[in-house]
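Peer 1:
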Amino acid sequence: MKIVRLLAASASLALFASTSVLAQQQPSPASTTPQNASDAAVRDALAKKEGDADQATLLKDTLTAVDKQYSLLRKGKFQVNYDLSYTYIGQEKINADLSSGTATLFSIENTSSHTITNTFLADYGLRNNLTASLTLPLVSRWSDSGGYSGTSHTIGDIGLGVRWQPFETRRDDATVTFTGGARIASGKSPYKVDAAKGLATGSGVNSINLGLNATKIADPVALFASFNAGYSLPAKHLTQNINGALLRQVDPGASIGFGMGFAFALSYKITTSFSFQESISARSKLTFDGGRSVRTATQTAGVLSIGAGYRVSPKTTVNLTVGAGLTASAPNMVVSLGLPLAF
6 MKIVRLLAAS ASLALFASTS VLAQQQPSPA STTPQNASDA AVRDALAKKE
56 GDADQATLLK DTLTAVDKQY SLLRKGKFQV NYDLSYTYIG QEKINADLSS
106 GTATLFSIEN TSSHTITNTF LADYGLRNNL TASLTLPLVS RWSDSGGYSG
156 TSHTIGDIGL GVRWQPFETR RDDATVTFTG GARIASGKSP YKVDAAKGLA
206 TGSGVNSINL GLNATKIADP VALFASFNAG YSLPAKHLTQ NINGALLRQV
256 DPGASIGFGM GFAFALSYKI TTSFSFQESI SARSKLTFDG GRSVRTATQT
306 AGVLSIGAGY RVSPKTTVNL TVGAGLTASA PNMVVSLGLP LAF
């Protein structure tokens, strides 16, 4: 009987000891709750929620923000995009020594300027693979230099364009679109404005352009590239006085441009993008009173941009882009805020 009682007591002691050890090995609820709550909050924040777009859709929206040329609308669909941009250009050196046989293009421009542009872009789907667009810019430009200090508020150059996708989009294949457009010289012409009384808000010439764009989505990254060529019609019947010489006609040179970059989806709502754009304009011919003419130097403008996009709702994505000029002919800085609105 004593042996049985001794065995029972030993078993009870062993069970108590093992229970105590397990209790010590397991973390107490009070010590794990904050960490578990933090981990759960992170997982919940990163998880896809109802209404969130998949990364491929978000990347397409980002491409639209980078350049509207990369997007198409379904037949009958209408979309309006609003873009607010600020551009700073400093030290536009003027060379008006026409006796040397050369002159800087847009020689009537001020040495520095701040420009705010409100742009409204309306797109309409003519067919599933064909989209027409209308661009209306409202330009406010301020300058402070030795020649003129003041502000101009006028409409800029109106743009008309089409985008065409000849082939259906296929998984794992690049999407190719062709573009065509025309720009109407509706803004204040730099060849007609008095440099001592006002500022130009347009190019001063009508132009046409053709382009080719390619995109490829490799989730969570989208790659894009573009190439375009443009031709501007001459500006005639001018009467601008440049240091005693009367400007009669401007024949702008042809231009080409190209760009490339990529967009990356950080989450189901946030993307970032990096892009590079460059344009090259051939020498232009300036004809003065008496038949004398000079040619400008070739203009090369390169801009490196970084952007971020945030999807506010299924139909609204806010995008912010900051660009820095890499060449003498490029703007020093460009800041753009885009707000696409779908209907």
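The opening position of the sequence shown corresponds to residue 6 in this note's numbering, with each subsequent residue numbered one higher.
Where is the CB? At the ideal position from N, CA and C, for every residue including glycine.
As the structure is a computational prediction, the values presented were derived from the model and not from experiment.
Does DSSP put Val85 in a helix, in a strand, or in coil?
Peer 2: It is a strand residue.
Peer 1: Starting from Thr182, trace the beta strand (DSSP E) both ways and give me its first and last residue.
Peer 2: Note, Thr182: beta strand (DSSP E), Thr180 to Ile189.
Peer 1: Would you give the residue range spanned by the beta strand (DSSP E) that His119 belongs to?
Peer 2: Run containing His119: Ser117 to Arg132, per the beta strand (DSSP E) assignment.
Peer 1: Going by C-alpha to C-alpha distance, which of His119, Val323, Leu238 and Ser284 sits closest to Ser148?
Peer 2: It is His119.
Peer 1: For a test of the three-state rule: what should DSSP assign to Thr37, helix, strand or coil?
Peer 2: Caution applies to Thr37, whose pLDDT of 47 falls short of 50 and renders its modelled position unreliable; the model cannot decide the point.
Peer 1: Return the chain-ordered list of same chain residues with a C-beta closer than 8 Å to the C-beta of Gly296, the five sequence neighbours on each side being excluded.
Peer 2: Closer than 8 Å at the Cβ level, and outside the excluded window around Gly296, lies no residue.
Peer 1: Asn214 and Asn233 - do their beta-carbons sit closer together than 7 Å?
Peer 2: Yes. Within cutoff.
Peer 1: At what residues does the beta strand (DSSP E) containing Leu238 begin and finish?
Peer 2: First-last for Leu238: undefined, no H or E at that position.
Peer 1: Do you know how far the Cα of Thr159 is from the Cα of Ala275?
Peer 2: The sequence shown places Ile at residue 275, not Ala. If you take the alpha carbons of Ile275 and Thr159, they lie about 35 Å apart.
Peer 1: By how many angstroms is the C-alpha of His242 removed from the C-alpha of Leu110?
Peer 2: Unreliable positioning characterises Leu110 in this predicted model, as indicated by a pLDDT of 46, which lies under 50. A coordinate reading is not provided.
Peer 1: Quick one, which of Ala127, Leu325 and Ala329 has its alpha-carbon nearest Asn337's?
Peer 2: Ranking Ala127, Leu325 and Ala329 by Cα distance to Asn337 puts Ala329 first.
Peer 1: Which word fits Lys202, buried or exposed, when buried means at least 16 other C-beta atoms lie within 10 angstroms of its C-beta?
Peer 2: When all chains shown are included, Lys202 counts as exposed.
Peer 1: Let me check understanding here. Comparing Cα to Cα, which of Thr332, Ser298 and Thr292 lies closest to Thr305?
Peer 2: When each option's Cα is compared against that of Thr305, the closest is Thr332.
Peer 1: Could you check whether Thr122 and Val144 sit closer than 7 Å to each other, using their CB atoms as the reference points?
Peer 2: Taking 7 Å as the Cβ cut-off, Val144 and Thr122 qualify as a contacting pair.
Peer 1: Would you grab the beta carbon distance between Lys82 and Gly130 for me? Rounded to a whole angstrom, and I think it's under 8 Å.
Peer 2: Contact holds; Cβ gap of about 4 Å.
Peer 1: When burial is assigned at 16 or more other CB atoms within 10 Å of the CB, is Pro257 buried or exposed?
Peer 2: Buried.
Peer 1: So what's Val210 in DSSP terms, helix, strand or just coil?
Peer 2: Note: Val210 maps to coil in three-state DSSP.
Peer 1: Leaving out five residues before and five after Ser104 in sequence, what residues of the same chain have Cβ atoms less than 6 Å from its Cβ?
Peer 2: Because Ser104 sits at a pLDDT of 45, beneath the cut-off of 50, its placement in the model cannot be relied upon, and the point is left open.
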